[in-house]
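In the UniProt record's numbering, the protein residues as written are 1 to 183. Here the structure is laid out as C-alpha cells; the discussion comes afterwards.
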C-alpha cells in the first residue's frame with residue numbers, strides 16, 4: 001500500500017501516466033460516441049446533446065428545447081390515440097391519461113467533458129430556473145485515447161537510444177451529464 005496514494009475519501013488515486021521522452025509528443029483524438037439519432041425517433045432512443053466549449057449557449061438551449069417539444073408532442077399523440085375511442089372531450093381525456101400514467105417522461109441528456117463542463121453547468125442552471133423543467137446532474141469519468149507521435153525535427157539525446165515508444169495511451173477525463181425532463 002506504500003506505492004498507492006489515498007485521497008481524502010479513502011479511495012486509491014489513479015496512477016500517473018509515464019513521462020514521455022523529449023522527442024515524442026501527444027496528439028489527442030476526439031472522444032468516441034455513437035451518432036446522434038434523429039429527434040423524430042421513438043421515445044426508446046436516448047436524446048443526447050453533446051456540448052463543447054465552443055458551442056453557443058443559445059444554440060444549445062434551442063436544441064434541447066426542440067427535443068423536449070418533440071418528446072411532449074409524442075406523449076400527447078400517444079395519449080390522444082389511446083383515448084380516441086372514448087366519448088367526451090379528447091383533449092381532457094388525454095390530459096387525464098397523461099396524469100394517470102406512471103411512466104417517466106422522456107429525458108434529454110446534455111453531455112460535456114473537460115473544459116465544456118462549465119457550459120453544461122450553465123445550461124443546467126438555465127433549465128433549473130425554468131418552471132416547466134426538472135434537472136438532474138450526473139458526474140463521471142470517460143476513457144480517452146491519445147496517439148503518441150515523434151516530433152519531426154526533434155533530436156534524441158543519445159543517437160543510439162532506440163527506446164520503443166507506445167503508439168497510444170489511455171487517459172481519463174471528467175464528464176458531466178445534465179438530464180432535463182419536462183415536469
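No residue lacks a Cβ here, since even glycine has one placed at the ideal position from N, Cα and C. The structure presented is a predicted model; accordingly, all values stated were derived computationally and were not measured.
Closest residue to residue i among the options (Cα-Cα distance)
i           : options            : result
residue 65  : 150, 137, 106      : 106
residue 26  : 175, 173, 179, 166 : 166
residue 73  : 49, 52, 43, 60     : 43
residue 141 : 111, 54, 58, 39    : 111
residue 15  : 76, 78, 171        : 171
residue 124 : 180, 38, 70, 51    : 180
residue 148 : 135, 164, 137, 139 : 164
residue 63  : 76, 39, 19, 35     : 39
Check whether residue i and residue j have beta carbons under 8 Å apart
i           : j           : result
residue 31  : residue 169 : no
residue 109 : residue 47  : yes
residue 29  : residue 117 : no
residue 174 : residue 113 : yes
residue 115 : residue 23  : no
residue 139 : residue 92  : no
Integer-rounded CB distance, given that residue j should sit under 8 Å from residue i
i           : j           : result
residue 143 : residue 183 : That pair is no contact at about 35 Å.
residue 119 : residue 53  : 6 Å
residue 61  : residue 126 : 6 Å
residue 37  : residue 45  : 5 Å
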